[in-house]
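Novice:
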Amino acid sequence: MKEYLNPVEVVLEENETSANGLSSEEAAARLEKNGKNKLKEGKRESLFHRFMMQLADPMIIIIIVAAAISAVTSVYNKEFPSDVIIIMIVVIINAILGVYQESKAEKAIEALQEIAAATSHVIRNGKIETVHSEDLVTGDIVVLEAGDSVPADCRIIENASLKIEEAALTGESVPVNKQIDVIDPEGSDDVPLGDRKNMCYMGSNVVYGRGRAVVVATGMDTEMGKIADALNDSKDGDTPLQIKLNQLSKILSFLVLGICVFIFALDVIRGAVSGPGISFEGMLGTFMVAVSLAVAAIPEGLAAVVTIVLSIGVTKMSKRNAVIRKLTAVETLGCTQVICSDKTGTLTQNKMTVVDFRGDNEKLIAQAMALCSDATIEDGVVKGEPTEAALVEWANKLEMPKYSLTEEFPRVAEAPFDSMRKMMSTVHSSVKKGYVQYTKGAPDVVLNHCTKAYIDGKKVDMTDEVRESLLALNKEMADKALRVLCVAMKSYNVLPESEEAEYLENELCYIGLAGMIDPVRPEVVDAIAECRSAGIRPVMITGDHKDTAVAIAKQLGIVSDAGEAITGAELNKISDEALNKSIEKYSVYARVQPEHKVRIVKAWRSKGMVTAMTGDGVNDAPSIKSADIGVGMGITGTDVTKNVADMVLADDNFATIVY
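For what it's worth, the working numbering labels the leading residue of the sequence shown as 41, then goes sequentially.
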């Protein structure tokens with residue numbers, strides 16, 4: 041059932057519950073039937089089994105056999121087998137390192153478990169109770185407030201300016217304004233996770249407002265559970281180096297066997313032809329000669345040489361902010377032909393920043409935006425919701441820090457932001473002007489509440505012509521993939537009689553527009569150009585909308601037109617076979633979900649391309665594990681991502697991968 045397409049009443053009915061929640065007895069019965077609200081761990085092999093599997097590598101088997109024969113030869117010749125001891129020590133160390141590496145997936149699942157909230161506030165027996173999150177069942181009514189972690193997948197049934205940060209699941213850096221209304225599928229009922237604004241998911245966090253939601257999925261049935269399933273199912277493939285070593289081991293196997301047979305047969309035939317035959321002692325001597333020559337053909341020191349050379353690479357990379365977690369990843373990285381990169385934080389700075397504005401007075405616009413926000417400056421650091429933090433940072437750069445503004449213009453009344461109104465208003469006392477109100481929000485909405493506008497230094501009437509010209513400015517900025525906010529003001533001689541939005545938000549005077557974006561990292565543009573010159577294909581994967589993704593990709597030099605971009609919804613209509621054939625057409629993937637990222641990586645690998653995948657969120661973990669080399673982020677990356685990655689970037693910088 042796709043709860044986001046159904047009204048609240050239908051969802052409650054389908055889950056056999058009501059706004060008053062379940063009874064304790066019913067909740068206990070459902071818990072017994074459906075199990076705990078937690079993620080299941082994959083099957084664990086014993087430590088001994090893992091160790092023996094490491095020794096089952098073809099090259100290692102040949103080296104062990106050669107070492108064993110060398111030991112017999114040394115004993116036969118009454119020599120101390122020092123080479124054998126050194127070789128076996130290297131083999132054992134390699135096996136131990138391999139076992140340690142294989143524990144990553146289990147650690148990733150454990151990290152997923154830790155993301156889930158420990159306790160939750162739910163309505164049971166008609167009143168609010170605190171219960172262990174793992175005891176939640178479908179039909180429970182969860183109470184959500186700012187600071188809470190969402191404990192399960194839920195359909196929102198009550199909303200008071202609820203904003204939820206879903207970056208771990210969607211990759212979007214801006215919190216989502218939630219709603220109760222049914223989602224309009226716009227021709228398809230397969231709505232991307234990031235657009236399901238009436239839903240909230242396990243692993244996300246409430247950053248603003250409050251609300252209530254009915255649990256519709258728990259445990260492995262949640263979106264987080266699907267990611268855990270994908271992590272359990274995905275297997276690490278052989279690296280290019282391992283493939284080549286396996287091929288070498290096969291050649292050596294036949295070569296060694298051929299040498300043994302040829303030398304032994306030749307010596308036996310020679311003895312038979314030139315004399316009365318060969319004795320048992322003679323045959324044993326001939327066998328030992330054949331074995332000695334065979335052993336000489338085996339590079340017993342190869343494992344040690346490979347380990348040492350790769351270790352040098354690990355040391356060099358560590359000095360460039362790249363922590364290698366799997367030794368063979370050094371060589372795989374050098375063979376990479378396609379780099380699939382998450383956008384937020386890797387290609388961009390992961391920090392919303394005001395980069396453009398429209399209006400007569402930049403300082404007045406910045407002042408108004410900063411005052412009409414809840415972000416603050418603490419110990420020199422701007423804290424708050426990313427969009428509002430960007431506005432306060434803008435004012436700070438113009439030498440108007442928030443704490444100075446609030447001292448000069450203390451807030452005396454407000455109408456908080458509401459997702460239905462798409463506006464927020466604050467009223468401030470001013471020594472010079474009595475009281476001043478600032479209102480910010482979506483440009484089309486704010487302009488509809490304006491009767492005046494400051495344009496070219498004059499206060500003019502807000503005619504249809506003026507409004508259209510301002511909306512054109514808004515479109516011009518939006519076409520550059522900017523998130524645009526509009527701000528207006530209103531003056532009072534005395535404190536307004538009411539704080540209600542209906543009273544405050546009318547007869548406003550337009551001041552200006554501000555456009556913000558998560559800017560690209562300057563060094564990434566050169567890094568991508570270097571990728572292309574080296575024959576490496578850069579691919580951007582993001583949870584952002586297609587227009588935003590294409591605009592940023594053009595800035596970076598990844599694409600030249602929108603025809604090279606495709607959305608997750610469009611991917612759903614393409615079979616795996618069709619995607620494998622058309623994968624080279626696309627360099628940008630927008631509005632994607634975790635399973636899409638895995639499909640993209642597998643499609644490139646089906647072409648025989650050595651593929652790297654970068655990411656920081658929980659949603660990136662399955663694809664990172666599926667890639668030839670998975671790259672996690674050291675700063676913004678979740679523990680889940682770091683645990684499945686082969687390499688971790690200490691600086692979260694795409695340019696480090698290229699280096």
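For each residue, glycine too, the CB sits at the ideal point set by N, CA and C.
1) Quick one: what's Gln-752 bridged to in DSSP?
2) Bridge partners for Val-171 per DSSP, in chain order?
3) Using DSSP's beta-bridge definition, name the partner residues of Pro-578.
4) Mind checking whether Val-177 and Ala-257 have CB atoms under 7 Å apart?
5) Smallest Cα separation from Ala-695: which of Ile-309, Gly-552, Ile-379 and Thr-262?
6) Thinking just about the alpha-carbon of each residue, which of Gly-259, Arg-164, Gly-597 and Glu-540 is nearest to the one in Thr-466?
7) Could you tell me the boundaries of the alpha helix (DSSP H) in which Asp-396 lies?
8) At the level of alpha carbons, what is the spacing between Thr-503 and Thr-491?
9) By how many angstroms is the C-alpha of Ala-96 removed from the C-alpha of Ala-643?
10) Ends of the alpha helix (DSSP H) at Met-517?
11) Alpha carbon to alpha carbon, what distance is there between Ser-173 and Ala-145?
12) Compare the beta carbon distance of Arg-90 and Val-130 with 7 Å and say whether it is the shorter of the two.
13) I'd like the list of long-range same chain contacts for Lys-473, defined as Cβ closer than 7 Å, with 5 residues on each side in sequence excluded.
14) Beta-carbon separation of Ser-663 and Val-680 under 7 Å?
15) For Glu-617, which residues from the same chain have a beta carbon less than 6 Å from its beta carbon, with the 5 sequence-adjacent residues on both sides left out?
16) In the DSSP output, which residue or residues are listed as bridge partners for Arg-252?
17) Is Leu-342 near Val-246, with beta carbons less than 7 Å apart?
18) Does the beta-carbon distance from Val-684 to Gly-670 come in below 7 Å?
19) If you measure between the beta carbons of Lys-203 and Tyr-241, is that distance less than 7 Å?
20) Just checking, does the stretch 564-582 make contact with the stretch 444-453 on the three C-beta pairs under 8 Å criterion?
21) Does the contact criterion of 3 or more C-beta pairs under 8 Å hold for the stretch 550-564 versus the stretch 405-418?
22) Would you call the stretch 415-434 and the stretch 573-585 touching, i.e. three or more CB-CB distances under 8 Å?
23) When burial is assigned at 16 or more other CB atoms within 10 Å of the CB, is Val-534 buried or exposed?
24) Am I right that Glu-371 and Leu-350 are in contact with their C-beta atoms under 8 Å? What's the rounded C-beta distance?
25) Within the same chain, show all residues whose beta-carbon is closer than 7 Å to that of Ala-430, passing over the 5 residues directly before and after it, in chain order.
26) In three-state terms, what does DSSP make of Thr-416?
27) Are Asp-273 and Gly-655 closer than 7 Å when you measure CB to CB?
28) Note down, in chain order, each residue of its chain lying with its Cβ closer than 6 Å to the Cβ of Leu-525, except the 5 sequence neighbours on either side.
29) Between the stretch 515-525 and the stretch 348-364, can you find at least three pairs of beta-carbon atoms closer than 8 Å?
30) Is it right to say Gln-287 is buried, meaning 16 or more other beta carbons lie within 10 angstroms of its own, or is it exposed?
31) Out of curiosity, what's the CA-to-CA distance linking Ser-86 and Ile-592?
32) Going straight from the alpha carbon of Ile-163 to that of Ser-666, what length do you get?
33) Taking the C-alpha atoms as reference points, what is the distance between Leu-71 and Lys-78?
34) Helix, strand or coil, according to DSSP, for Val-124 in the structure here?
35) Can you tell me the Cβ-Cβ gap for Thr-279 and Thr-416, rounded? I've got them flagged as a contact below 8 Å.
Specialist: Taking the definition as stated:
1) The chain is shown only over 41 to 699; residue 752 falls outside these bounds and no answer can be derived.
2) Ser-160
3) Ile-379
4) no
5) Ile-379
6) Glu-540
7) First-last for Asp-396: 393-399, but that is the beta strand (DSSP E), not the alpha helix (DSSP H).
8) 8 Å
9) 29 Å
10) 504-518
11) The predicted model places Ala-145 with a pLDDT of 48, which falls under 50 and marks its position as unreliable; any figure quoted below should be read in that light. Going by the C-alpha atoms only, they are around 24 Å apart.
12) no
13) Ser-531
14) no
15) none
16) Val-183 and Glu-198
17) no
18) yes
19) no
20) no
21) yes
22) no
23) exposed
24) 6 Å
25) Met-392, Thr-393, Val-394 and Met-556
26) strand
27) no
28) Lys-480 and Ala-554
29) no
30) exposed
31) 47 Å
32) 41 Å
33) 12 Å
34) helix
35) Not a contact, Cβ separation roughly 48 Å.
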